[in-house]
Each structure stands twice: as C-alpha cells, then as structure tokens.
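Chains as they are written, first to last, in my numbering: chain A, 1 to 183; chain B, 1001 to 1642; chain C, 2001 to 2554.
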C-alpha cells in the first residue's frame, strides 16, 4: 500500500486546491450583478441583433484538421526516427504504411475542397435565397429590412432571446469535413 | 433408397408449398392434379424404400435417418430423425397409397368448389403431417405430426366454414383433440423426466428403469391422446360431427389415416404397454366398450356418413381392443384392411351423395344399384368386407382380432362377436336402404323425416335422376375395391411375407402368438362367418322391404347414447356458467382492476423515469458516476470481508 | 500501427528491440475491413466525380464478403490447427474471435445494403458513411480478437469514434447532431473510466496482457486487493456503457432515436458484439479466479437491465426509443450468459449475439424504410395499416419483432432459452426467473407494434394520451424548426396508453401511402428474416457453431 501513498496525497492536494480556488474566488471577487450587455455574445463590435445560427462557417476548422493530421504524423515520426536503426526494415515498412494511411486522409480533405479557398465554390446546395449579400443586408438593415429574413413577430433591435427566427439551415456553405460533397 | 426416406415427407411438403405459392394461379383441375402428383410421387418413393427395407436381412430390420439436430440444448438433444421399420413402413405405404387415390378422387369431387386450391393445400399438408407422425423417431417429432394432423383435420372439417354446423364441428373436433394432446404431451414430459430422452430407441432400452407405476401413468396419459385422436370412449363424439367435412376428407382423415394415428402410437410404444399389464387391460376394455357402443349407435343413424362414422369408431375400438389384448399384428392387419374398405365405403358414399346432388339421408335413397352400377358393385364389396363375409379382407382381419380377444379373455370375445353381428346388420341396413328397395329419392319428403336429426343434410325438393360419377371418382373406388376384396392375402401370402411376420420384429416379446390350437381357430372362424352372414341377412331382410321401422331406431341410439347431452350437462353447462362468472365477476372486477392497476403503475413508473431520463448529458454522466460509486462500494465490502 | 507503438515504447528503454512476428492470417479479416475502408476513401477522393453511393456500396459489400470469406477460412484453420495467440501475445486467434469476426462481417454486409437505399433517399452523397461503418466494424472485430487490455481499448476507440460520426451523419436532422454529441461526450467519459480501469489492473497485476494477468492471479493471492477490484469495477463500467447496461444506459434511448436508422442497427449489432466479446474474454478468461467478486455485480446489472429495459420500452411511442430500451433488455439477457461465466454461458452469449445481430439489423431495416423521407416517421402510429398496405413488409417486421420477443420457431427463442439455461446451470434461479418475466413484459411492447401494423389507419380512438403528459421531455431538446414536432405529444417518451388503438392520428398525412422498399434493403430484410426463421426451426447448426467457438483460455 505504501506505493500508493503519494497518489493518495496527490488526490488530497487536488481536492484541496479545487476547494481553495472556489473559496478564494468567492472571497476575493467583487460582488456585482452581470448586466444584459455583459452576457450578450460578442460579435466584433457589431451590436448583436439575433442569436447566431446553430452552425456557421468556420473554414479554419479544416485548416486545423490538416494541421493536426500532419502534427500527429510528426509525433509518431520523431520517436521512429530516434530508433529506426534498431527497428530495421520492419519499422520502415510500418511507418510507410502509417504515412500512407495519413496521406489518404489528407487526400480526402483536399478532394473535399479543404484547400479551395474562398466562397467561389459552393460545396453543397446552399439555401438558394441566402447569399452573403442577403446576410449583410439583414445584419445592417435590421427587422423588416430588405433581407426579409425576420419573422414579422420577431424581436426588435437588441432583441430579447425569445425564439430563433432564423429559418433552418439545411446545408452549410462550408461544412467542415462532413459528409457533403461538391454539388 | 433408404437414405431417400426424407423425400417421402418432403414431396407432399413441396406440394403444399407449391399450392401456397401458385395454387390460385393453377386453378381448378390443375391444382388438384399437381397435389395428386406430389402425393403419388411420395407413394412411389415409399414403395422403393419398402423394397430396400425388405432387402435388409437380420433381426433388426430398421433404419434411422437423422436429418439434423433439432433442439440441442444441454442435456436435451432432440434430433429431427426418421425411423423406418416394418411398422412405420406399413403405415407409410397405406397412408401415401390411399392418400394418392383420395387426392385423385377429390379432383372430381371438389370440382367447382370456391376454394378448390385451398382444399388441396390442406390435403397435402395433412399428408406431410401424417407422415411426420408416422416416421418420427422420437416422441416430439411424432407430436409435431400429431398436432399437424389435428390442425389439418380442424381446417378440413370446417372447410365449408360458412355453414354454421361445419364451423361448430371443426371446433368440436379441435377441442376434443386438444384434450388428447394434453395427455400426449404430459406423457412425453413424464417420459423425458424418467428417461432423459424422447427417442423411442432410448426409451425402450430403459423400460426397466422407469418403474411399473410410471409406465402405467405414461401409457394411460398416452391413451388419453389416443382416445381423442382415434375416437375412443369417452372422447369419440367429435368424429360423427366431423362428417361435416367434404367426403374425401372423411374418407382420408376420419376413416383411413388420421384416426388410426392413435392405434399406431400404441403399437409404437408397445414395449411400454407390454411392461404394464394394468394399462393394457384398461386399453382393451376401452376398445371393447367403444366397439360395442359405436356399433349400436350406427344401427339407428339415417345420415349415410354418420353410419360410416360410427362404424369407423367401432372398428377403431376393435383395433384398440386388439392392442390391449397384446395382438399388435392383428391391430395392424385390421388397420390396413379397414383403411381399404372404409376408404372405399366413404368414397362410395361420396359418389352416392354426389350422384344424388348432396342428399345424405338414407331414407331418401333407394334402388341406386340400377343407376350407379360401378358404385354399387364396389360399395357392395366394401360392405361385405366390413361385415366379415369370407373371403373378403374384413373376415380375416376381424377374425384375427377376435381370436386374440378369445385368447386374452372370453368376455372380450363375446363383446367382439356381438359387435360383429351388429356390424353386419347396420352395414346391410345401409346398403339395403341405399341400393335396394324403391326409388325413394323421387319422393318429395323423406320417409319418417328426421325432425330430431337437424344436421342431416337434405337436398332441396325432389332429386333429379342419379348418375354415375366420372372416372377420377370411380377409378379409386375400383382400386380400393380390389384391395378390400383381396386384402386377406396379407395374412397368408407366403410364410415369409405375411403381414404378421413382417411386422413381428417390432413387437418381439409381446403376447401375440398363435397359441390357439388349429381346431379352435377353425371353430372361431366358422362362427365369425356364420355371424356375419346372419347379420347381413337380417339387415337386408328388414330394410329392403320397408324404410320406415321406428321401433328399430331407438331415440337412445339415434342420440348416440346421449353422450353429447351428458358432456353438455357435466362439462358444457357448468363450463358456460363458469365462463359467465369469469366474464362478469373475475374479468370485470379482478382482471380489469389488475390491468388498470398495472396501467397506473406503468404510468407512475414512466413518470419516475421522466425524472431520470432528463435529456441532459450531465445527468446521464451523473448516473454513470452513481454506478461507479455503487460498484466501488460493493468492491469495498469484498475487500473488507476478504 | 499498434505494433509500431509497442516497438517505440519498448525502444525507450534502449534495449534491443524484438520486432514481433506478424501472423497476418490471424488478423486478416480486420486488415481486409480496414483496407477496404482506406481503399474506398482513396478511390472516392481521386475519382470524386464518378464515385456515387452505388459504387461505394459495391465496394463495401465486396469488402464485407471478402472479410466473411477470410473469417470462414480462419474458422476452418482454427478448427484444424487449433487456437493460439499471435503478434507478441496481443491477438487471440481462437474460435471465439473468429466467431465475432463472422458476426461483425455479416452485420457490415447487411448494413451496407440497407444504407444504400437510405443514403440515396436522404440525398446524402459520398462514400463517408460506408468508410466510417467499415472502420467501426474493424474496431469491433479487433475487440473480439484482442488479447490485451490496451488492444481492447484500441478496438473500442476505433469502434466508438467512427460511430460518433455516424450518429451525426444525417446533418439535416437536428436530432442526429444531438445524438452524436451526447454519445461522444458520454462515450469519452466512459472511455476515460475504462482506461483508468486498465491502469489500475496494470498497477495491481503488472501486466495488461490477458493471459499474463490470469497467470499472475493464479499464482498470487490477491483476493483482497482493493486496487485490482477497483480496476475491475471500472472496466465493467466501461463495458457496461458500450453494451448499454443499466445504469450506464442513459445515452442509448437518445442516441438510438437520433441516429440515422441504419446506423442505429449497426450500432446495436456491432457495438454489442465487440463489447460483449471483450467483456467475456476479459472476465471469463482473465478474471475467472475473481469470479466471486464480479459475478454479483454482473448479476445486479443484468437484473437492472432486464427490468428497466422491459418496463421503459413499454411506455414509448417512438419506435426507435422503444428499440433502444429493447436492446437494453437484450443486453440484460446476454449478461445472463456472462454472469454464468461457464463454457455454456459463453457459447449461449455468442449464440445470442449472432441471433440478435440479424434480428436488430433487420428490424432497423424495416424502420428505415417506414420512416420515409427525412427519417422522421418513427411513431407507432406510422405503422398503422402497414399490414394492409404492404403485407410482406409487415410480415417480415412481425417475424423480426416476435423473434426479439422470443417466440418459438425463431432464433430469438433459442437465444433466450440458452442464456436462461446457462443461468440455471449455475443455480442463478432468481436471475433466470426475472429474465423470463421480463421477456413476458417485453413481449407486450413488441406485440403492440404488430397489432398497430395490422390495425386500420382510420381507427382513431379516444385521445386519452393527451392528458398523460410527456416523459423524457428533454432528450431531443433542440428546438429545431426543421423538425417541428407535428404530433401534439412530441416525439419522446410520452406515456403511451397500453391500448394500441387509442393513439392519435399518424404523424404525417402521407402515412397511408406505400413506402418504397429499395431492392438491396429487401435483400437485407430477406436475409435477416430467413436466418431468423430457418435457424429458428433448425437451430442445430448455429448452436453447434457457437459451441465450437470457445475461448482460448477459460
């Protein structure tokens, strides 16, 4: 049981730290209620008028995915490189198989348009009525504006969080490596 | 060809499948022809297997074909196996042979029926079930066939289910048979409990270990099944009502094959019966009583098919009597001969009914020999055969039974010989009324119209002139007539090939032997013949001249000894009252209350579940943690105690 | 890859590295399955324009058949040459593992056939579905072969991660995403628990290799080792989550409901097959000596699963939720065989898995086609009148449901019978009785669907359910306008009245029209029903098969 004593101490320390953090922050923090402005989502200085849609395009995800793929490959290649003499041909074959499989995933991403930058190529059938212009129009014009995407009974400027007035988004212009293909 | 045994069952099954899939498309005559061909092929395979079996020499002339392991669970290893030995082979031969003939006959008889293909569908399924019953090498396979023939019997009796009486008769047949099935399955359970197997070979090898009391119990439970299936006292009334089915069905199922299943089963388990003399005695008594009671009832019936139905019951009683007396060979002999002549009689009666446009009342028949010569000649052979007039098959078969009854106990013989007299009498009465006398079918109303027999069928108004049936119907009659006439050959064809010698290995060690001296047998046989002739004489003498003799048709006999009424009084009406009580008190108060209570409970459980199944991942994770904590707690107790 | 990991890890000590001998035959089916997935993704990346769902299905079916053939060859090889461990002891090559390969390969084959029609109907293009399905199948197969806790974990993760994505596959349905998220979060949680269990077991025994653990336990008295027992408990939790045993089952109704229907079938079949295979191997062959410690836990989990599964399914109106609870109930049954921990119990569990695989995939095939466009028609009322409109489809569904209920002359009956017999064998009478009672309860909700199918569409009774309130209000909490609830009761665990005929009108106006059954789906349903019936009447061959699929060490 002695072997586990350090672990036990560690557990106790962990609990203590967590408890102290809570107690400390409760004691030190100023007692101020959050205002409506404070809990509103932050949109780069634009006053948010609506809830963001459930999904929105973030193309960086795909880049991040590609990065991770190669990152993982490096993580595995490094230890291999250290001992590759000892592993001899067996290791070489193994690592080649590994690299090939990783490359296939890269191939898949590229063929899915991960490196095709810009909005020119629509990967899926986007909502025909919804374009970048309409989105801009909607955001700038407010309710009843030319975008016309607002539910007539929807919230006014600085709208309260009642319902989600945005119609369903069936296809995302740039869904991350999802099960969609170029149309 | 022994390894092709499975084909015997498979062919009718394939026929059944063909009827299911294409029956409607094949239509009127073709569907029947296809069904007949499949059963005929099955018969041909049977003949091949028979000759192969014949070629096997040695003490054990048998063959087991294990098709597959059916239920392999732990100690219970049940194989779907077939067992071919002289006994099952005899059954297979006459079942397939007669089935083929009756299929052929049905092509003509059922012509124009609305559900023509369905009829042959059922008929093929029946043949397959019957063969499964006969060929099964263990009680469970036999039981599958047993249930199968019961189901087909129900479907076929109620074939014209739009007719109230047919529907009721079907139900009646089914319920009586369920009682029997319960006995059968209980016997199987008991056997499995004591032996640990349902295979006949294993059971018979372990007869000594079962214990006499258990054997008696098994035999009597089986006898319950036999009483229902083979229409023995007290479970026989369904067979008369089963005549509501089409006549080929009556001939095939309720005369030649299915009803003999019980007799076959008793023969199959002969080592058990042999080990329990008490059970054998009870079986013999039931058989004798059934033979006598049914024969008396048959004397007073006016529906041609009912006479034959009670006659069948009576003959089955003879077979059961023979088995009880230990004379299995005699029972088999009578069973085969009976299949021939009773099949013939039913088909002949069907021909008569057909010719008279669905008239079944004997009192509206008469002098048909002029109009239906082939039917008359063939039917006549059947009549004399069942009456026991030498040298027709019935004489030899019945004589064999009576000899053995004499050997077992003279009292059994007395009952038997008196029944034989009655048999000759009522069959002659039937023939006299139908084929001799005046052309009563020209009359508008039946002589002494049957007010108390409401279910007798009458054609509406005067009947047009009768006509002979077509070849598909007369050919089976002729074939069966030849068999019924010459069936006695089976008893003494050659020393090596007599039926008794053929099936003897199956019953080795049983009571039967020819221990009567030759002179005794000669005396008994002469007496049989004399009794038969006397019966025929009286019957014809009384009934050719007059069709109206109410003194000879006691209401007591016409109402089948009031068996139906007795059952109704002791079971039916109390049962109905119980059902009434159940539906008003138990159903309304107890069960509904319980169901409502259960419903409320489920609903409340649901409400409780609602709080658990919140839809929030955090709650779900919490439950996993709860599980972990519970498991840890348990492990902690294990650590402490250990 | 795994071998590389080991090699790299042991290399850190600077000792001479022994590269293990790779017995390719022993992992051939897994390699084919994974290779098929890689091949498919490569081909479809290179030839995007010409590769449609059809060609992806073609490759997947081909891969599944190749896997099956390889597994059958393995079976022959194992039977003639005997079982062994391969690849440095990390893979068990025995009848048991081959049995699981066969089950999973067939499951993959059937799912590919069903998914083809589904993907075309839903307008989901591309090979990703099949790729992910094949990867998860290879994970399940790896779990069946794994002879090392680490390899089991590897298989578990391959299986699970692919399934997480598959659950989210129909991105037009908000439920699908929600299901995937829930499954992922809870799955990650349970994986963490499982890994912690592995760590504790390793700490207590000094090995993660199953035979070595068994060896250690047989040579050392560790009866009161709290760390080992805690490790055992955590492993059980991890497995319990994957097989959806109570109380680790909470995810399954939501995930089953939300996932695309073919995925649900696959999930139910292969996740159970893989997890049960690993569970049996770990607990029967490695921790057999500690039986007294874990048997009571399995006993309790089995009872909870049986009872909760049966009763909760009783009040469902959504058929996929109902099937989820039904699968919990089935898990309880299979746990009967685990709890017995005898040779007979193992073979009974295997038989159950095999039979259940066909039943559940066939069931979800029917559910897939009945759900119509959008995969939304899952209410009990959507099944009204199916018997009249499409008698063959209804008959097939009825057969599959009755088989799940354990009706005689189906494989389901013998499956239940064998596990109960195994429980009776070790005198777990209470468990056997509860199992049978739960089967009786379960029969009710299966029959409810059958009755619904054979009752007319117009039979709208009193709407007595309206006042029943809703159960499980939460599960599909995303207020998705795309899937605005049509029926008043919502789509969740509203308490269904126990009477079938007193439910509201069908969810959609088109409910009385025929549903299209694609040809390949018909094949899959036909295979499932055929297997269920034929081997229900002639159970011998499959039972013998399961008997011979023995564990290498017991």
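Ideal Cβ placement from N, Cα and C applies to all residues, glycine included.
None of the values given here were measured: they were computed from a predicted structure.
Under the Cβ criterion of 9 Å, residue 2032/C is not counted among the residues facing chain A. Looking at 2089/C, 2138/C, 2244/C, 2130/C, the one whose alpha-carbon comes closest to that of residue 2104/C is 2138/C. Within chain B, the residues placing a beta-carbon under 8 Å from that of residue 2226/C are 1635, 1636, 1639, ordered along the chain.
By the criterion of a C-beta distance shorter than 8 Å, residue 2369/C is surrounded in its chain by 2117, 2393, 2515, 2516, 2517, 2518, 2521, once the five residues flanking it on both sides are discounted. Neighbours of residue 2311/C in chain B, taken as residues whose beta carbon is under 9 Å from its own, are 1602, 1605, 1606, 1609 in chain order.
C-alpha of residue 2381/C to C-alpha of residue 2452/C: approximately 7 Å in a straight line.
With respect to the C-alpha of residue 2377/C, the residue from 2128/C, 2017/C, 2096/C, 2257/C having the closest C-alpha is 2257/C. With respect to the C-alpha of residue 1003/B, the residue from 1050/B, 1014/B, 1345/B, 1434/B having the closest C-alpha is 1050/B. Taken atom to atom, the span from the alpha-carbon of residue 1403/B to that of residue 1267/B is near 19 Å. When secondary structure is reduced to three states using DSSP, residue 1505/B falls in the helix class. Counting along the chain, residue 2237/C sits inside the alpha helix (DSSP H) bounded by residues 2226-2243. A direct Cα-to-Cα measurement between residue 1106/B and residue 1334/B gives close to 25 Å. Taking 9 Å as the cut-off, the beta carbon of residue 2273/C is found closer than this to the beta carbon of residue 2357/C.
The count of Cβ pairs closer than 8 Å, one atom from the segment 1142-1159 of chain B and one from the segment 1028-1047 of chain B, stays below three, leaving the stretches out of contact. The residue from 2142/C, 2269/C, 2023/C, 2150/C with its alpha-carbon nearest to that of residue 2110/C is 2269/C.
Each of 1195/B, 1371/B, 1428/B, 1283/B was checked against the Cα of residue 1308/B, and the nearest Cα belongs to 1428/B. Considering only beta carbons, the part of the segment 98-115 of chain A lying closer than 7 Å to chain C consists of 98, 101, 104, 107, 108, 111, in chain order. Near chain C, meaning a CB-to-CB distance below 8 Å, the residues of the segment 74-92 of chain A are 76, 79, 80, 82, 83, 86, 87, 88, 90, 91.
In its own chain, leaving out the 5 sequence neighbours on each side, no residue places its CB closer than 7 Å to the CB of residue 2538/C. Close to residue 2042/C, with beta-carbon spacing below 7 Å, are these residues of chain A in chain order: 104, 107.
The straight-line gap separating the alpha-carbon atoms of residue 2262/C and residue 2172/C is approximately 16 Å. In the same chain as residue 1209/B, and ignoring 5 residues on each side of it, the C-beta atoms closer than 8 Å to its own belong to 1194, 1195, in chain order.
Residue burial is scored here from C-beta neighbours: residue 1383/B has at least 16 other C-beta atoms within 10 angstroms and is therefore classed as buried.
Residue 1627/B has a beta carbon lying within less than 9 Å of a beta carbon in chain C.
Between residue 1084/B and residue 1005/B, the CB-CB gap stays under 9 Å. Going by DSSP, residue 2312/C is part of no beta strand (DSSP E) but of the alpha helix (DSSP H) stretching over 2291-2314. Beyond the five residues adjoining it in sequence on each side, residue 2240/C comes within less than 7 Å, by CB distance, of 2248, 2301 in the same chain, given in chain order.
Counting along the chain, no beta strand (DSSP E) covers residue 1260/B, and no H or E run does either. In terms of Cβ geometry, residue 1224/B and residue 1287/B do not form a close pair [threshold 9 Å].
Around the CB of residue 1580/B, fewer than 16 other CB atoms lie within 10 Å, so the residue is classed as exposed. Using a Cβ distance threshold of 9 Å, residue 2549/C and residue 2336/C do not count as a contacting pair.
DSSP, reduced to helix, strand and coil, places residue 1487/B outside both helices and strands of the structure shown, so it counts as coil. The beta carbon of residue 2426/C sits no closer than 9 Å to any beta carbon of chain A. For residue 2233/C, the chain B residues whose Cβ falls inside 8 Å of its Cβ are 1628, 1631, 1632, 1634, 1635, in order along the chain.
When secondary structure is reduced to three states using DSSP, residue 2328/C falls in the helix class. Secondary structure note for residue 2195/C: its alpha helix (DSSP H) is the uninterrupted segment 2174-2205.
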